[in-house]
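First the structure, in the form of structure tokens, and then the observations on it.
Numbering (full-length UniProt numbering), first residue to last: 1 to 244.
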């Protein structure tokens with residue numbers, strides 16, 4: 001039998017995030033365009049072992065010791081925006097026998113780290129409290145409850161911007177070191193409004209004049225949110241906007 005394809009820690013992390021969100025393996029397979037068998041294996045391995053990485057194979061000895069594994073993690077924690085090649089370069093600076101970038105990626109994966117897009121801006125303490133309260137209020141919702149929600153938000157896409165990818169653990173999403181400050185104005189950018197519900201995306205609307213004002217926002221909701229919510233979910237959909 002030929003060697004099966006192995007997916008990156010980032011893809012495996014997405015699969016597990018969808019699994020935690022209540023998606024079935026069949027749904028995950030369809031959304032990510034990955035075979036059902038592969039999704040089954042990754043989810044089963046995570047449930048049994050608590051990791052998204054493959055079990056270590058027998059063969060040649062590990063290239064790093066447990067102490068060196070910790071050093072790799074420390075380098076990444078000090079600067080979450082370092083890429084695996086950059087971490088490898090720092091780690092190898094004082095070594096006679098350098099390790100590969102692939103080894104660095106595996107060690108980070110073993111420690112529960114994955115590459116992610118940084119949150120657009122750090123949350124202020126009042127907003128953190130509001131989000132925590134909101135999460136507690138909805139902690140007992142079922143998958144069928146969440147499938148009735150139409151999620152909406154505005155976002156800016158910049159041609160020239162700061163380095164947005166970070167390497168972090170699952171619970172570090174809104175840590176200050178893993179976020180990037182948002183920019184209100186800038187050249188080479190476009191602002192859009194979008195929505196999605198259930199397992200489908202709704203309209204994506206370009207905002208032509210920078211910051212979205214009250215009347216423009218009302219028009220977008222009337223022309224897009226209501227029709228999309230009705231089409232994707234049904235007349236009784238729940239409207240949810242991002243409240244930072």
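Backbone N, C-alpha and C fix where the C-beta goes; we use that ideal spot for every residue, glycine too.
Next on the checklist: Quick test of your reading: residue 152 and residue 90, contact by CB under 8 Å. State the CB separation rounded to the nearest angstrom.
Outcome noted: About 41 Å separates the CB atoms of residue 152 and residue 90; that is not less than 8 Å, and the two are not in contact.
Item to check | Residue span of the beta strand (DSSP E) that contains residue 333, given as start and end | outcome: A question about residue 333 goes unanswered here, because the residues of the chain that appear run from 1 up to 244.
Item to check | Element boundaries [beta strand (DSSP E), containing residue 206] | outcome: 200–207
Next on the checklist: Run through the DSSP bridge pairs and tell me what residue 189 is partnered with.
Outcome noted: 158
Next on the checklist: When you compare the CB positions of residue 194 and residue 204, do they come within less than 8 Å of one another, or not?
Outcome noted: Closer than 8 Å, so yes.
Next on the checklist: Just to confirm my understanding: we take residue 76, look at its own chain, exclude 5 residues before and 5 after, and list those with CB closer than 8 Å. What are they?
Outcome noted: 82, 87, 108, 113 and 167
Next on the checklist: Taking its Cβ as the centre, do 16 or more other Cβ atoms sit within 10 Å of residue 25, making it buried, or is it exposed?
Outcome noted: buried
Next on the checklist: So the candidates are 202, 32 and 111; which of them puts its Cα closest to the Cα of residue 70?
Outcome noted: 111
Next on the checklist: Is it buried or exposed, residue 150, if we count other Cβ atoms within 10 angstroms and call 16 or more buried?
Outcome noted: Around the CB of residue 150, 16 or more other CB atoms lie within 10 Å, so the residue is classed as buried.
Checklist entry - What alpha helix (DSSP H) runs, 4 residues minimum, are completely inside the UniProt domain "Transposase Tc1-like" (72–140)? => result Segments of the alpha helix (DSSP H) lying fully in the UniProt domain "Transposase Tc1-like" (72–140): 84–92, 101–110 and 125–137.
Checklist entry - Alpha carbon to alpha carbon, what distance is there between residue 48 and residue 191? => result 43 Å
Checklist entry - By Cβ distance, which residues of its chain are closer than 6 Å to residue 84, with the 5 residues on each side in sequence left out? => result 101, 104 and 105
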